[in-house]
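Just below is one structure, and these are the notes that go with it.
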Amino acid sequence: MAQGDPKPAWPLPTVTPKFATWSVGGGRPYGCETDKCERWHAGVDLTGAPDGALILAPEDAVVAGIDRGWSEGSKAAFLRTSSGLFVVLGGFKTGSHKEYGITTGQQVRKGDKLGRVLGSYGMIHLETYVAETRTANSVWWRTEPPPDGLLNPTNYVERMVGDKVSLLQTRQRHEALKTLGYYRGDVGATWGATSTEALRAAQTALGSGVDGKWGPETEDAIQRALGKLQGCSADECSPSSGGGVTGGTSSDPLSAVGRLGWWIIGGATVAGVAVGLAIAMRAREE
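For the sequence shown, the UniProt record's numbering assigns the number 286 to the last residue and increments by one with no breaks.
As structure tokens, this is what we get:
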């Protein structure tokens, strides 16, 4: 599975980081009720961007598409990253890529200037997919499962701003155990005997105390194991060790999806709690 750059760049360097980690999957950040939504929110909105705000490449990539049709008069850029992700950035001002000579097929480096934000859109909508042969984003209809290859970008965004979040929710812990190969059930299920059995197997394999409980020692062992999947230690994977944006408002640990932004969303919703988050102020189209 694609992992992404361990230290992606925050794409809005002049904008204080604001985003809602709970917005993926369950609906839209604002103005959308479950029984009224036609499609789920497939990404994370990086909000609060004024007109003309600069947009940077989050990591090394080839431009798979630029100035592509998007929402509310804005445009999108599609990036096929060197790390194996297909990244969608929606919210560009039409033609703003020309200021920096960006063309389809061009190689860009992390931090390169891509264009500018359309003020009436006021944000960048970010989606991540397994790259493979993908050439554009997909609509996630409410009555259908997640699009093939769709990845939860929450951790990708959190790592941009130096946020390290513990694995607090049951879904997060199931996703961690499933990613590491110990849990094979529904990640959205309540914690049960199957969960405890998977946790004991992980504790045995990772060398922590085998008690079937998610304590600090187990948390650290699982975080280290997840870090190794990305080819780095947990500390090295955290952008707070260097190069990240600090001092902004990001996610609350109780509502975040934690360090599991890479795992394909499995299920109709992603539960979350909006505590202290700066949310988007109106519904957005993908």
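We put the CB at the ideal spot given by N, CA and C, even for glycine. These numbers come from a predicted model, not from an experiment.
Annotation: the region 154–215 contains the following complete segments of the alpha helix (DSSP H) (minimum length 4 residues), in chain order: 154–160, 170–179 and 193–206. The Cβ neighbour count for Pro8, taken over all protein chains shown within 10 Å, is at least 16; the residue is labelled buried.
By the CB criterion at 7 angstroms, Ala198 and Tyr182 fall inside the cutoff. Cβ neighbours of Pro13 within its own chain (closer than 7 angstroms, five residues either side excluded): Leu54 and Leu56. The closest CA to that of Ser74, considering only Val63, Phe92, Gly227 and Thr16, is found on Phe92. Beta-carbon to beta-carbon, Val88 and Glu127 are separated by about 4 angstroms, close enough to satisfy the 8 angstroms threshold. For the region 59–136, not one full-length alpha helix (DSSP H) segment reaches 4 residues or more. Residue state for Thr47 is assigned as strand, using DSSP reduced to three classes. Trp40 sits buried, since 16 or more C-beta atoms from the chains shown fall within 10 Å of its C-beta. Residue pairing by DSSP places Ile55 opposite Gly115 in a beta bridge. Only residues of its own chain outside the window of five on either side were considered, and among them none has a CB closer than 6 angstroms to the CB of Pro145. Glu132 is the residue among Glu132, Lys36 and Leu118 whose C-alpha sits nearest the C-alpha of Thr81.
A straight-line Cα-Cα distance of about 38 angstroms links Ile102 and Ala225.
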